[in-house]
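Taking the working numbering, the leading residue of the sequence shown gets 188, the next gets one more, and so forth. Where a beta carbon is used, it is the ideal one built from N, C-alpha and C, also for glycine. Every value quoted in this text rests on a predicted model; they were computed, and no experiment measured them.
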Amino acid sequence: MLSSTGLIGRLNLAPGADGGMLAIVPRPDLGRLAAVGAASLDLRLGRWFRTLRHSRTSLLRVSEPDEDPVPTKEHFVRFGEEFILHPHNFVLGTTLEWMRLPADLAGYVTGKSSLGRRGLIIETAAGIQPGFAGCLALELSNVGEVPIALQPGMEICQIFLHDVGPDAKFAKSQFTGRRKPVLGNVRSDDVLRRLSSK
């Protein structure tokens, strides 16, 4: 795992340098990172959200590819305004920051404990693959009993990065390059189909 010194070094590399440049826009406050000495970078909540349309969706079969598009609604929230996440509800969001990982770095995103203790779960699919580029999607859930006000620009999560080796190979994800949250496609699962037919 990269330390604060390692993170700062990667953010300061020139494009094309050995080891690969980590790009994050807007750029993190490197002075704060050095002063805190953490092994993670805090990221902020973006302005785009996507919700499922409950009245039109009676059941989601998450083990099968979608035959029909899942009805969702996109929301844009301005800085200074709030998105209210009600108890036991879920919304997709993104980080404010756009990032690009080089081929030799991978990572994971986690919530902030101060938010988790208030009932806000940040992320369930935490992996960030080498070569990823885009805004990170966040699966935000309110598991508490009180509505939570989400404000674009607030610190929402943290990422930890680690080296994966110089010969790492990666495939582009359907989520690479995204700036807005999307549901994504469920892939066909041949093993499940064979298990279900027995």
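| field | CA-to-CA distance, Ser227 to Gly218, given in whole angstroms | value | C-alpha of Gly218 to C-alpha of Ser227: approximately 14 Å in a straight line.
| field | Any chain B beta carbon closer than 8 Å to Gly303 | value | The structure shown has no chain B; it contains just one protein chain.
| said: Spatial neighbours of Ile195 within its chain, please: C-beta separation below 7 Å, excluding the five flanking residues on both sides. | reply: Leu217, Leu220, Ala221
| Leu239 versus Gly267: straight-line alpha-carbon distance, rounded | Taking the straight line joining both Cα atoms gives about 24 Å.
| field | Nearest neighbour of Met188, chosen from Arg381, Val351, Val378 [CA to CA] | value | Val351
| request: Could you spell out where the beta strand (DSSP E) holding Ser384 opens and where it closes? | output: Unbroken run through Ser384: none, as it is neither H nor E.
| query | Where does Met341 land, buried or exposed, given buried means 16+ other C-beta within 10 angstroms? | reply | exposed
| Counting along the chain, where does the beta strand (DSSP E) carrying Gly303 start and finish? | First-last for Gly303: 300-303, but that is the alpha helix (DSSP H), not the beta strand (DSSP E).
| task | Rank Pro317, Ser328, Cys344, Arg234 by C-alpha distance to the C-alpha of Glu269 and give the top, closest one. | result | Arg234
| query | Can you tell me the Cα-Cα spacing of Gly318 and Phe236, whole angstroms? | reply | 24 Å
| Backbone CA spacing between Val330 and Gln345 [nearest angstrom] | 20 Å
| Could you give the distance in angstroms between the alpha-carbon of Leu348 and the alpha-carbon of Arg381? | 37 Å
| message | Can you find the residues in the same chain that come closer than 7 Å, C-beta to C-beta, to Val264, ignoring five residues on each side of it along the sequence? | response | Arg234, Phe236, Phe270, Pro339
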